[in-house]
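Residue numbers (the numbering used here): 9 to 291.
Since the structure comes first, as structure tokens, the remarks are kept for the end.
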Amino acid sequence: MLGENEEEIDINANWYYTTEIKRFTLADGSRDTQSLPTMIIPLGLGPIPALKLVSENALEHYLREKTNENGNSNPVLASLGSGKDIVPGVVEGGFTVWNGSRQMVEFLIDKGLLEGLHSKRILELGCGAGIPGLAALKVGAASVTFQDYNPEVLVYWTIPNVSLNAVGPELGRANFVSGDWAQLAVEWESERPSERYDVILTAETIYRTDLYSRLHRACDACLAPDGEVLVFCKITYGPGGTLWDFLEFVNTQQRFRTIVNQVAYDGVQTFLIQMRRISGSVC
9 MLGENEEEID INANWYYTTE IKRFTLADGS RDTQSLPTMI IPLGLGPIPA LKLVSENALE
69 HYLREKTNEN GNSNPVLASL GSGKDIVPGV VEGGFTVWNG SRQMVEFLID KGLLEGLHSK
129 RILELGCGAG IPGLAALKVG AASVTFQDYN PEVLVYWTIP NVSLNAVGPE LGRANFVSGD
189 WAQLAVEWES ERPSERYDVI LTAETIYRTD LYSRLHRACD ACLAPDGEVL VFCKITYGPG
249 GTLWDFLEFV NTQQRFRTIV NQVAYDGVQT FLIQMRRISG SVC
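Listed below in structure tokens is the structure:
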């Protein structure tokens, strides 16, 4: 795994996206990784001072050993040995703690917005470690669905992290789903049109231009008519995605209106994009 602000991408990968959607419960989480060393993610002052996560380094070591034992038969786990966080269509950065996921929660706390997630139905797209979703769970969200491209991310990291932080009734409010955003949208459009989310959270997910349409479609399919999408991002990413290109894409689709909030962390320009439906644009 690379540093938190480095995006390493395999440009020679065959960009094929999975068509399979899988659902998980807390019981599907790896007990082995839940017992690994942990790390503390401080979130400043507010209702949630910190979260406890399975250590990124300890998880990487565990999964590399597991991969070696199985002869590198799982391409997702085998990618950990390649030094790349992102291999398009194979692993999409889910095993890395990205700065933006923590900064998103800090921003929501600073602006007094996090507690507004109380009693809301929340979807976190591209959850990885699950920091924004965990924060929503801790402030009393009615439910939180954690989505990641890879089932392995959910089983070995996200679910154990929820188990480490959630207590009592919070545990029963967490749901987990893996798969490609475009396929997730198809399922919601055809099978779950009445199951929409009040708020969709997503951080550091516009890092590649080919992801714009997939993310946009998932948001359009899964968001309640009066809901809101919150996208936390940098201004530009190594693999090619940029804030301005994403905003232009959203504007051309004429489904959402956007408000852009500029935030600065350690001298790096970051942004929170608020997206709400244009009247009459429910899919």
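Ideal Cβ placement from N, Cα and C applies to all residues, glycine included.
The structure presented is a predicted model; accordingly, all values stated were derived computationally and were not measured.
Can you look up residue i in the DSSP assignment and give me helix, strand or coil?
| i | result |
| --- | --- |
| V175 | coil |
| K128 | coil |
| T75 | helix |
| I56 | coil |
| F257 | helix |
| E212 | coil |
| R31 | strand |
| Y273 | strand |
| D228 | helix |
| I167 | helix |
| L122 | helix |
| Y205 | strand |
| R222 | helix |
| L61 | strand |
| L67 | helix |
| L3 | Not covered by the structure: residue 3. The range shown for the chain is 9 to 291. |
Can you list, in chain order, the residues of its chain with a C-beta nearer than 7 Å to that of residue i? Leave out the 5 residues immediately preceding and following it.
| i | result |
| --- | --- |
| E114 | L51 and G52 |
| K128 | A149, A150, D206 and V207 |
| A58 | I48, I49, P50 and L51 |
| G248 | R216 and T217 |
| S171 | L34, G37 and Q42 |
| L142 | L59, N169, V170 and N173 |
Residue i: buried (16+ other C-beta within 10 angstroms of its C-beta) or exposed?
| i | result |
| --- | --- |
| S109 | buried |
| H224 | buried |
| V62 | buried |
| W189 | buried |
| T27 | exposed |
| D156 | buried |
| T260 | exposed |
| Q111 | buried |
| D228 | buried |
| E256 | exposed |
| N169 | buried |
| L116 | buried |
| I214 | buried |
| L258 | It is Val, not Leu, that sits at residue 258 in the sequence shown. With 16 or more other Cβ atoms within 10 Å, it is buried. |
Please list the terminal residues of the continuous beta strand (DSSP E) segment that includes residue i.
| i | result |
| --- | --- |
| V194 | Careful: V194 lies outside any beta strand (DSSP E), inside the alpha helix (DSSP H) at W189 to E199. |
| A232 | L231 to K242 |
| D156 | S151 to D156 |
| P50 | T46 to P50 |
| F184 | A182 to S186 |
Along the chain, where does the alpha helix (DSSP H) that runs through residue i open and close?
| i | result |
| --- | --- |
| F5 | Not covered by the structure: residue 5. The range shown for the chain is 9 to 291. |
| P140 | I139 to K146 |
| Q42 | R39 to Q42 |
Near residue i, which residues of its chain fall below 6 Å by C-beta distance, leaving aside the five closest residues on each side in sequence?
| i | result |
| --- | --- |
| M7 | The shown model of the chain, from 9 to 291, leaves out residue 7, and the question about it has no answer. |
| F32 | L162 and F184 |
| E212 | W106 and G108 |
| I281 | V239, T266 and V268 |
| R222 | W189 and A190 |
| Y220 | F254 and F257 |
Might you give, ordered along the chain, the residues of its own chain that have their beta carbon closer than 8 Å to the beta carbon of residue i, omitting 5 neighbours on each side?
| i | result |
| --- | --- |
| A292 | The displayed coordinates of the chain run from 9 to 291. Any statement about residue 292 would go beyond what the structure contains. |
| D36 | L162, V163, I167 and F184 |
| D40 | Y70 |
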